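Enquirer: Quick note on my numbering: the sequence shown kicks off at 6 and runs consecutively.
Once you've had a glance at the structure underneath, I'll fire off some questions.
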Amino acid sequence: MNFDGSKILLCVSGSIAAYKAVYLGRELLRNGAEIRIAMTENGAKFVTPLTFRAALSAPVIVNQLDEPEKFDMEHISWARWADLILVAPATANIIAKVAAGIADDFVSTTILATKSPVAFVPAMNTAMLQNPATQRNIRIAEELGYYVMQTDSGALACGEEGEGRFPEVSQIIDFVKYLLVEGKKLAEKKILITAGPTREFIDPVRFLSNPSSGKTGILIADAARKMGADVTLVHGPINIPIPDGIESISVISADEMHSAVMDNFKNCDCAIMTAAVADFTVPKKSDAKIKKGDGNLKLELVQTKDILAELGKIKGEKFLIGFALETENIEENARKKLASKNLDMIVANLQSKNTGFESDTNEALLLFADGEIKKIPLTSKRKLAKEILRELSKRI
Ligand SMILES: Cc1cc2nc3c(=O)[nH]c(=O)nc-3n(C[C@H](O)[C@H](O)[C@H](O)COP(=O)(O)O)c2cc1C
């Protein structure tokens, strides 16, 4: 792997995992990056700047206000120098400061001053990580466009077992590779995304539909746009605002979604079909409101057009991603759908209290045509969206 001279500013904050940042720095160098180190005052109490300077032959700044003899406004010049700012380990405190826009030391000021991507690798005690304030700060940081890596689960320095462990250095290197190399592969790629439910009207005032909120599709569209992709979003009736910079096409029925998707598929490089399209509709909508009458009403339903299966037949070199929302046998059902619809990847998830329709979180299995399978544990839908794009950019 070669980072090809990419300039990485490694920021170290006051976590017990700070010593692992020395090894991380060495691996960044070994992979061809040029690095500089910035430390918080507390970070510098865990591992001395001298250790980083000596082990990595890299310049280190802790507090630029203490070093006025060479006045260079490093919080600006280093912020401009970096292709990537990597905060590893990132304390709950530095994430909170960044979420609030606080700039009260060299690390937080440089982060505020940069236009380059910034990624956080959190490390902390499980209770600190799960504290709603930390979760909120991570969410805000992500909404502001920062990347926050998922922590590992396992033995923690505090003696507990759980989430919050600093990930393996090899995983962080993979993440950096994604940020510097693979993530850029989506730049200027044309991505077609569908989102939300469809409505099958049976008369002018009633319809068959489902509770899909469209959240996942919109989060994928937003993340793909931020990675430079040219995004077209075909969506059913949804109540979430569509972020700027996305071409959106609003449809109501499965039939309309089919037409809009077919019109736009030929020009795309990749299609991500998250919409919960109705499988059934009435053969003919009644022109007038169906009256209650005396007895029960029997509805005849016919199948709608299978958009995903049609795309699978004509996809050629395009990368096609489908979704499967299941209530049982997720893996088995998803594997069948992956094969029968000729998909490159399928995101399978379960409908439950914290996952599936309407929820802000999700847990998924990603299955690939080459047989690979990846489990995404319960996480925010925003993180899942990024994971899906990460897998796409590895393969596109
Ligand atoms: C021994 C020790 C270990 C700590 N480990 C962590 C940690 O892993 N993660 C974390 O968020 N805070 C940890 N803290 C707390 C932070 O050091 C503290 O919140 C500090 O204010 C962070 O400052 P900084 O973000 O400016 O580096 C630890 C504190 C001590 C004394």
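For every residue, glycine included, the Cβ atom is placed at its ideal position computed from N, Cα and C.
Predicted, not measured: the structure shown is a model, and the values here were computed from it.
Quick check: Val-220 and Gly-150, are their CB atoms within less than 8 Å of each other?
Expert: The sequence shown places Lys at residue 220, rather than the Val named in the question. Result no, Cβ atoms of Lys-220 and Gly-150 do not sit closer than 8 Å.
Enquirer: Taking the alpha-carbon positions, what's the Ala-23 to Glu-148 distance?
Expert: Those two C-alpha atoms are separated by around 26 Å.
Enquirer: Could you have a look at Tyr-28 and say whether DSSP puts it in helix, strand or coil?
Expert: Tyr-28 falls in the helix class under three-state DSSP.
Enquirer: What first and last residue would you give for the alpha helix (DSSP H) that runs through Gly-48?
Expert: Its alpha helix (DSSP H) spans residues 48–51.
Enquirer: According to DSSP, what are the bridge partners of Glu-39?
Expert: DSSP lists Lys-12 as partners of Glu-39.
Enquirer: For Thr-156, which three-state DSSP category applies?
Expert: Three-state DSSP puts Thr-156 in coil, outside helix and strand.
Enquirer: Hey, Glu-283 and Thr-203 are a contact pair by Cβ (cut 8 Å); roughly how many whole angstroms apart?
Expert: Note on identity: in this sequence residue 283 is Ala, with Glu being the wrong assignment. Ala-283 to Thr-203, Cβ: 5 Å. Contact.
Enquirer: Taking any heavy atom of ligand 1 as the mark, which residues have a C-beta closer than 6 Å to it, listed down the chain?
Expert: Matched residues: Ser-18, Gly-19, Ser-20, Ile-21, Ala-22, Thr-45, Asn-47, Gly-48, Thr-96, Ala-97, Asn-98, Ile-99, Ala-128, Met-129, Met-133.
Enquirer: Taking 8 Å as the threshold, find out whether the segment 114–122 comes into contact with the segment 87–101 through three or more Cβ pairs.
Expert: Result yes; three or more Cβ-Cβ pairs closer than 8 Å.
Enquirer: Would Tyr-28 be called buried (16 or more neighbouring beta carbons within 10 Å of its own) or exposed?
Expert: Tyr-28 is exposed by the Cβ-count criterion.
Enquirer: Could you tell me which whole alpha helix (DSSP H) segments of length 4 or greater appear in the segment 291–348?
Expert: You should have 312–319, 335–345.
Enquirer: Is the beta carbon of Leu-197 sitting closer than 8 Å to the one on Cys-273?
Expert: Yes; because the gap between Cβ atoms is below 8 Å, this pair is in contact.
Enquirer: Quick one: is the Cβ of Phe-8 within less than 7 Å of any heavy atom of ligand 3?
Expert: Judged by which ligands are present, ligand 3 is missing from the structure shown, whose ligands are ligand 1.
Enquirer: By the 10 Å Cβ neighbour count, where 16 or more other Cβ atoms means buried, how is Gln-135 classified, buried or exposed?
Expert: Burial call: exposed.
Enquirer: What does the alpha-carbon distance come out to for the pair Ile-145 and Val-287?
Expert: So the two alpha carbons sit approximately 43 Å from each other.
Enquirer: Quick check on the DSSP output: what are the complete beta strand (DSSP E) runs of length 3 or more inside the segment 117–172, in order along the chain?
Expert: Counting whole runs of 3 or more residues, the segment 117–172 contains the beta strand (DSSP E) stretches 123–127, 157–160, 166–170.
Enquirer: Where Leu-438 and Val-186 are concerned, what is the direct C-alpha to C-alpha distance, given to the nearest angstrom?
Expert: Here the chain covers residues 6 to 401 and nothing more, so residue 438 does not appear.
Enquirer: So, under 8 Å CB-CB, Ala-234 and Ala-192 are touching, yes? Tell me the CB distance rounded to an integer number of Å.
Expert: 7 Å between Cβ atoms; contact.
Enquirer: Can you list, in chain order, the residues of its chain with a C-beta nearer than 7 Å to that of Ala-5? Leave out the 5 residues immediately preceding and following it.
Expert: Given a span of 6 to 401 for the chain in the structure shown, any question on residue 5 remains unanswerable.
Enquirer: Work out the CA separation of Ala-226 and Lys-271 for me, nearest whole Å.
Expert: The alpha-carbon atoms of Lys-271 and Ala-226 are separated by roughly 18 Å.
Enquirer: Applying the criterion that 16 or more other CB atoms from any shown protein chain within 10 Å of the CB defines a buried residue, is Ile-378 buried or exposed?
Expert: Ile-378 should be labelled exposed.
Enquirer: With Ile-90 as the anchor, note down where its beta strand (DSSP E) starts and where it stops.
Expert: Counting along the chain, the beta strand (DSSP E) containing Ile-90 begins and ends at 89–95.
Enquirer: Nearest by alpha-carbon distance to Thr-279: which of Ala-390, Cys-16, Thr-56 is it?
Expert: Comparing Cα-Cα distances from Thr-279 to each of Ala-390, Cys-16, Thr-56, the minimum goes to Ala-390.
Enquirer: Can you give the Cα-Cα distance for Gln-69 and Lys-12, rounded to whole angstroms?
Expert: Whole-angstrom Cα-Cα distance: 20 Å.
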